[in-house]
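A short write-up of the structure that comes next.
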Amino acid sequence: MASNVKKLAILGMWKDNPVFRQILGICSSLAVTNLMMNSLIMGLGLMFVTAFSSLTVSLIRQFTPKHIRMMVQTFIIAVYVIIVDIFLKAYQPDISAALGPYVGLIITNCIIMGRCEAYAQNNPPHLSFLDGLFMGAGYAVVLLVIAFFRELLGFGSLFGIEILGSWWVDWTLMIMPPGAFFMLGILIWVTKNMFPDTNKDAKATEKGGAKA
720 MASNVKKLAI LGMWKDNPVF RQILGICSSL AVTNLMMNSL IMGLGLMFVT
770 AFSSLTVSLI RQFTPKHIRM MVQTFIIAVY VIIVDIFLKA YQPDISAALG
820 PYVGLIITNC IIMGRCEAYA QNNPPHLSFL DGLFMGAGYA VVLLVIAFFR
870 ELLGFGSLFG IEILGSWWVD WTLMIMPPGA FFMLGILIWV TKNMFPDTNK
920 DAKATEKGGA KA
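Going by the working numbering, the sequence shown opens with residue 720, and the numbers climb by one from there.
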């Protein structure tokens, strides 16, 4: 059990990270990362939805006809997204207003459907829950890294607390959509070049050798 948890954690947080390894969930990565608080709430929301959607899909996988399984998965995801949306509107109305439609758009996030279909549909509930949790955590970490630089350079603050002081000249570009593209692109480039996917490189080498 412990080895499975460790493996899922490494895959979700690093080796198979949904953003900088699989290049999924890009829209929300660009949309909500101008502030750390927005990114934290979005990340936690997606962790909740991914973990419990995977758990539910796994629990009913043996009773779900294959020809309608994706419709069932979408319905399950929508239920948990609605729970998150209602919770934010009730207890965090300011953040809910700031995130706008992006909370509802979690339903369309490829990460959640991908984990339900690729993992939860074929694995036991406890592992499916952990897989969804760690994949969501990997997504949340990437959001926070991007938001850290965007908020710090764009506003001179972190979580709304002034850090750099009055001497700092805000980089307006960092709080605009192009700033999100730049930061995400830089993050993906750095991770792929400094920490290459050794498994893919090995497979590419094997294919090259086979062709030769």
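C-beta: ideal position from N, C-alpha, C; glycine also.
Cα-Cα separation between residue i and residue j, rounded to whole angstroms
i      : j      : result
Asn912 : Asp850 : 26 Å
Ala923 : Ile745 : Any answer about Ala923 is weak, because its pLDDT of 45 lies below 50 and its placement is not dependable; what the coordinates show is given next. Looking at the two C-alpha atoms, the distance is approximately 26 Å.
Ile826 : Val738 : 17 Å
Phe900 : Ser777 : 35 Å
Asp735 : Leu872 : 29 Å
Ala817 : Met902 : 21 Å
Pro915 : Ile894 : 29 Å
His786 : Gly879 : 48 Å
Ala721 : Leu892 : 45 Å
Thr752 : Pro784 : 39 Å
Ser747 : Cys829 : 11 Å
Lys725 : Trp733 : 12 Å
Arg740 : Ile907 : 8 Å
Ile905 : Ile795 : 35 Å
Tyr838 : Pro812 : 34 Å
Ile742 : Leu763 : 19 Å
Arg869 : Phe782 : 46 Å
Thr910 : Pro896 : 22 Å
Secondary structure of residue i, DSSP reduced to three states
i      : result
Ile882 : coil
Leu877 : strand
Thr752 : coil
Tyr838 : coil
Gly764 : helix
Gly898 : helix
Trp733 : helix
Gln792 : helix
Phe739 : coil
Phe914 : coil
Gly833 : helix
Bridge partner(s) assigned by DSSP for residue i
i      : result
Ser773 : None; Ser773 has no bridge partner.
Residue i vs residue j beta-carbon contact at 8 Å
i      : j      : result
Ser773 : Phe848 : yes
Gly731 : Gly884 : no
Ile814 : Ile760 : yes
Tyr821 : Ala750 : yes
Leu877 : Ser758 : no
Close Cβ partners of residue i (< 7 Å) along its chain, the five nearest in sequence each way excluded
i      : result
Met766 : Leu852, Gly855, Ala856 and Ala859
Asn723 : Leu846
Ala728 : Phe853
Val768 : Ile796, Tyr799, Val800, Val803, Ile825 and Ile831
Nonlocal neighbours in the same chain, by C-beta distance under 8 Å from residue i, ignoring five residues either side
i      : result
Gly875 : Glu881, Ile882, Leu883, Gly884, Trp887 and Asp889
Leu824 : Cys746 and Ser747
Asn707 : Since the first residue of the chain shown is 720 and the last is 931, residue 707 is not available in this structure.
Residue i: CB within 7 Å of a non-hydrogen atom of the ligand ZN
i      : result
Val798 : Among the components of this structure there are no ligands whatsoever, and the ligand ZN is therefore not found.
Contacts around residue i, its chain only, beta-carbon distance under 6 Å, and the 5 residues preceding and following it disregarded
i      : result
Lys808 : Ser815
Arg780 : Gln840
Arg788 : none
Glu836 : none
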